[in-house]
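So the sequences go chain by chain: F and R. With the working numbering applied, the first sequence covers 37 to 477. With the working numbering applied, the second sequence covers 37 to 477. Heads up, the beta-carbon is just placed ideally off N, CA and C, and yes, glycines get one too. Here the structure is a predicted model, which means the values were calculated and not measured. One structure below.
There are 2 protein chains.
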Amino acid sequence: MKIPPVKGTRDFYPPDMARRNWIIDGWKKVSIRNGFEEYDGPIFEYLSMYQIKSGQEIVEQLFSLQDRGGRELAIRPEITPTLARMVNQQINALPRPIKWFSVPRLCRAEKPQKGRLREFFQWNLDIIGMDNPLADAEVIFTTVDYLRDVGLTENDIKVTMSSRKLLAAFLRNIGIADDALGALYMLLDKKAKLPLATFTALLNEQVSDADTAGRILAFMETKNVSELRKTVNFKQGDDVDEALDDLTDVVDWLGKMDVGHYCVFDPSIVRGLAYYTGIVFEVHDVVGELRAICGGGRYDNLLRDFGGPSIPATGMGMGDCVLEILLSQKGLLNVPSHKQLDYFVAFVPDPALVFEAEGGRTPEDEAVKLVAQLRSKGYRADFTYEASGLGKQLKRAAERGAKVCIIIGEEFKEHKLAVKDMTTGDQDTVDKEQFLASLSC
Amino acid sequence: MKIPPVKGTRDFYPPDMARRNWIIDGWKKVSIRNGFEEYDGPIFEYLSMYQIKSGQEIVEQLFSLQDRGGRELAIRPEITPTLARMVNQQINALPRPIKWFSVPRLCRAEKPQKGRLREFFQWNLDIIGMDNPLADAEVIFTTVDYLRDVGLTENDIKVTMSSRKLLAAFLRNIGIADDALGALYMLLDKKAKLPLATFTALLNEQVSDADTAGRILAFMETKNVSELRKTVNFKQGDDVDEALDDLTDVVDWLGKMDVGHYCVFDPSIVRGLAYYTGIVFEVHDVVGELRAICGGGRYDNLLRDFGGPSIPATGMGMGDCVLEILLSQKGLLNVPSHKQLDYFVAFVPDPALVFEAEGGRTPEDEAVKLVAQLRSKGYRADFTYEASGLGKQLKRAAERGAKVCIIIGEEFKEHKLAVKDMTTGDQDTVDKEQFLASLSC
Chain F
37 MKIPPVKGTR DFYPPDMARR NWIIDGWKKV SIRNGFEEYD GPIFEYLSMY
87 QIKSGQEIVE QLFSLQDRGG RELAIRPEIT PTLARMVNQQ INALPRPIKW
137 FSVPRLCRAE KPQKGRLREF FQWNLDIIGM DNPLADAEVI FTTVDYLRDV
187 GLTENDIKVT MSSRKLLAAF LRNIGIADDA LGALYMLLDK KAKLPLATFT
237 ALLNEQVSDA DTAGRILAFM ETKNVSELRK TVNFKQGDDV DEALDDLTDV
287 VDWLGKMDVG HYCVFDPSIV RGLAYYTGIV FEVHDVVGEL RAICGGGRYD
337 NLLRDFGGPS IPATGMGMGD CVLEILLSQK GLLNVPSHKQ LDYFVAFVPD
387 PALVFEAEGG RTPEDEAVKL VAQLRSKGYR ADFTYEASGL GKQLKRAAER
437 GAKVCIIIGE EFKEHKLAVK DMTTGDQDTV DKEQFLASLS C
Chain R
37 MKIPPVKGTR DFYPPDMARR NWIIDGWKKV SIRNGFEEYD GPIFEYLSMY
87 QIKSGQEIVE QLFSLQDRGG RELAIRPEIT PTLARMVNQQ INALPRPIKW
137 FSVPRLCRAE KPQKGRLREF FQWNLDIIGM DNPLADAEVI FTTVDYLRDV
187 GLTENDIKVT MSSRKLLAAF LRNIGIADDA LGALYMLLDK KAKLPLATFT
237 ALLNEQVSDA DTAGRILAFM ETKNVSELRK TVNFKQGDDV DEALDDLTDV
287 VDWLGKMDVG HYCVFDPSIV RGLAYYTGIV FEVHDVVGEL RAICGGGRYD
337 NLLRDFGGPS IPATGMGMGD CVLEILLSQK GLLNVPSHKQ LDYFVAFVPD
387 PALVFEAEGG RTPEDEAVKL VAQLRSKGYR ADFTYEASGL GKQLKRAAER
437 GAKVCIIIGE EFKEHKLAVK DMTTGDQDTV DKEQFLASLS C
């Protein structure tokens, strides 16, 4: 019986796994050097956890299941609700700011397409307990620190930033009712993905007032914080000043951190998730042909919404699919080979060759014994199972990326090994005990 | 709204995550040095995949779900069916032997208890395309290579081995019908977990012939391959000789690999999974109070059962739960602290202190800038968000495990940094540019 894999999932054969490990190890390394600590949660949670704040799109894409007691569960489509639950559970024991990262496997029942799969890995960074815009800047800096580390320059990617607080204040100021904001965010978030005419038509439909729609469009197309006041004719007060101050602060900090040249203000950045409350940002390829590489922002109410205290938080999520496409396009997938052996131990497959001094053991016996010794000392070592010719074994050693090939042959009668450097081709005869003693443990 | 985690799952807070990473990284390191390559599959597969060969116990414990097209899926309870599917898909492109490992997250809807959770991690090793008993020995060696590496000796653990082929040949020889074998394996596998009287009663019920039951008991209690023939009065022929030769070969190879002292023959080892066909083994704590640490064996028909060619295979699975309990009991959980910083950058929180030569920047500005530079050079560096007193910042540096604390204060006016060694307490003043130049990149 032949069963196919499920659509939208990936099989990671060794070369694919090496690539996945390289991406995830890079995320981990940069998180740790930026002072974040790793956490993780279960692959599933109660379904209701995703119905609180994740937003309609994510709820529709849940893989839900029942446990044997009939409880409704769902495979995690994002890890932020788990983070909120975990932090709330230990809120009094955790020193703040809580700087945590994770690289969860996530599942969403989306239509599989370029850069979107039903199962993927996502780098998450979060700073909890800090309303200082420096925390938002640090999340953005850490994101850029990784992207820069793998070789992406400001000619490849840009960080676009705005503020949900600013957008909310602006929309309220021009007369949008509070209960209409959620649906409007969903539409505004799609601006970059839709043709302008389509977007404008949908916008006019939703706000049903051409002047208001025009002001929203003007707001979204402003490219500079300081021009914003002039362009969109803000009323004073409300949260506008605070939101603009926060944005200015984040831009200032990013400049001091020497990543300002990656970042631009762009009020068309809205983000789809329902729970953002302040700074929001995305990273895109400069060409603009791919989906967002990552997105994030401030979500000051989420912990409270999950039954905890009111504690500010800001964070970021980056999936592996779009990132891998971009790195591949740019020739930056510098994944080390998964075929790397320190030693390959070959043996002369001559049935007449027996080492009487070693209790009558064969070259194969001695090869297996030596491989076991090398491995136990921490070296990557292997051999061949079949007593094939020496030439074939050396070929196999080369295929396996062995640096050195050791040959057990005639000279082993004098306790000597033939040692072949696979890079230079040089071959030497070495005393077995001396060879073993020379290995650092 | 407060939502609890799902019963039988774990939240990995940073100290738990450090422990999980330490276990998994150890598995990976030992797999790689033994010549295995890493693979992985999706977290879910078609439900039918687990109905082919996994056995009734696993099928009953599946977390099943439907995708939006109504297709029946299940979260993986083991990875071997995925391995069989993946190998079959590329059977002609993969050089043999295929030596692969994986560390999948698995889910089973079991009753949570000591050493058994509903979600766990499992180290899997498999060698495909090799019927040589040396392959079975290599799987066992690699298993022991890890357990020995973390400090477990032959006084802590033992490998118990038997053969399904031997058991099947024996049972057929004493008159058990082929279609009764599956149910009998399930019962025999429980021998060590049941009181002897209970086991004997169940056995008598199942074979309904006291003499046959007695012979089965005698077989299972034999402790030595060579004694087996005498004890249980085998008929010649069938697979008995072949099975005994294979067992003898595995024992010989394990001796040559210098792990023979960990291993004993034990015909009561049966394994619950339905698909084993040859050598089977388990690792237990010597005291015998925990469940098996791992189990494995030869499964020569599985690839064929999954629609592929008939190719021999042998493998092993080790979960993280029992292992962690044992390592904890033995004081061998030597997990490095997750709180390790190379540098903590503190600053004098004096509003009057401003560096005119640096464009009027504050100590905090300079601290943030220096931290960003250190991180970009690959160092683990952090700072505090709040302008608290220097003493409080130094305390925070110590809590975070910083090796060195750098202080931005009065001396920065002369482009100098105070550098405090957190181990010795020694403090020095260093030129900023010299300090930066001294960092290897």
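So, is residue i buried or exposed, given that buried needs 16 or more other C-beta atoms within 10 angstroms?
{"i": "F/R26", "result": "Examination of residue 26 of chain F is not possible in this model, given that chain F is present from 37 through 477 alone."}
{"i": "F/Q376", "result": "exposed"}
{"i": "R/K38", "result": "exposed"}
{"i": "F/E323", "result": "The question names Glu, but residue 323 of chain F in the sequence shown is Val. F/V323 comes out exposed."}
{"i": "R/Q463", "result": "exposed"}
{"i": "R/H297", "result": "exposed"}
{"i": "F/N70", "result": "buried"}
{"i": "F/D61", "result": "exposed"}
{"i": "R/L453", "result": "buried"}
{"i": "R/P78", "result": "buried"}
{"i": "F/D457", "result": "exposed"}
{"i": "F/K227", "result": "buried"}
{"i": "R/P113", "result": "buried"}
{"i": "F/P231", "result": "exposed"}
With residue i as the anchor, note down where its beta strand (DSSP E) starts and where it stops.
{"i": "F/L377", "result": "L377 to F383"}
{"i": "R/A438", "result": "A438 to I444"}
{"i": "R/R334", "result": "C330 to R334"}
{"i": "R/T284", "result": "R/T284 -> not in any beta strand (DSSP E); alpha helix (DSSP H) instead, spanning V276 to K292."}
{"i": "F/S138", "result": "I134 to S138"}
{"i": "F/L109", "result": "E108 to I111"}
{"i": "F/E469", "result": "Element bounds for F/E469: not the beta strand (DSSP E) but the alpha helix (DSSP H), K468 to S474."}
{"i": "R/R152", "result": "Counting along the chain, R/R152 falls outside any beta strand (DSSP E), and DSSP gives it neither H nor E."}
{"i": "F/R141", "result": "R141 to C143"}
{"i": "R/S100", "result": "S100 to Q102"}
So, for residue i: in the same chain, excluding its five sequence neighbours on each side, which residues have a beta-carbon less than 6 Å away from its beta-carbon?
{"i": "R/V481", "result": "Outside the modelled stretch of chain R, which goes from 37 to 477, sits residue 481 of chain R, for which no answer is possible."}
{"i": "F/V287", "result": "none"}
{"i": "F/R432", "result": "T420"}
{"i": "F/I115", "result": "S138, P140 and N160"}
{"i": "F/V407", "result": "V381, A417 and F419"}
{"i": "R/G44", "result": "P148, L153 and R154"}
{"i": "R/G165", "result": "R132, P133, I134 and I347"}
Residues bridged to residue i by DSSP?
{"i": "F/M197", "result": "F/F301 and F/F317"}
{"i": "R/W58", "result": "In DSSP, R/W58 forms no bridge with anything."}
{"i": "R/I212", "result": "Per DSSP, none; premise fails for R/I212."}
{"i": "R/Q158", "result": "R/G355"}
{"i": "F/E81", "result": "F/A110"}
Could you give the DSSP three-state label for residue i: helix, strand or coil?
{"i": "F/R416", "result": "coil"}
{"i": "F/Q409", "result": "helix"}
{"i": "F/N168", "result": "coil"}
{"i": "F/F255", "result": "helix"}
{"i": "R/L220", "result": "helix"}
{"i": "R/Y86", "result": "helix"}
{"i": "F/A454", "result": "strand"}
{"i": "R/D185", "result": "helix"}
{"i": "R/I115", "result": "coil"}
{"i": "R/L130", "result": "coil"}
{"i": "R/D52", "result": "helix"}
Go to residue i, then tell me how far its alpha helix (DSSP H) extends in each direction, as first and last residue.
{"i": "F/E96", "result": "Q92 to E96"}
{"i": "F/S364", "result": "D356 to Q365"}
{"i": "F/L232", "result": "L232 to V243"}
{"i": "R/L339", "result": "L338 to D341"}
{"i": "F/L430", "result": "L426 to E435"}
May I ask whether a heavy atom of the ligand ADP can be found less than 7 Å away from the beta carbon of residue i?
{"i": "F/E73", "result": "This structure lacks the ligand ADP, and indeed carries no ligand of any kind."}
Near residue i, what residues of its chain come up, given a Cβ to Cβ distance below 7 Å and the 5 sequence neighbours on each side ignored?
{"i": "F/V400", "result": "The sequence given here has Glu at residue 400 of chain F, not Val. Answer for F/E400: F383 and A423, listed in chain order."}
{"i": "R/E96", "result": "none"}
{"i": "R/E379", "result": "In the sequence under discussion, the amino acid at residue 379 of chain R is Tyr, which differs from the Glu named in the question. The residues are L410, Y415, A417, A438, V440 and I442."}
Which same chain residues end up closer than 8 Å to residue i when comparing Cβ atoms and leaving out the 5 residues on each side of it in sequence?
{"i": "R/L83", "result": "L98, S100, E108, L109 and A110"}
{"i": "R/A219", "result": "Q242"}
{"i": "F/D282", "result": "P169, D172, S199, K201, G314 and I315"}
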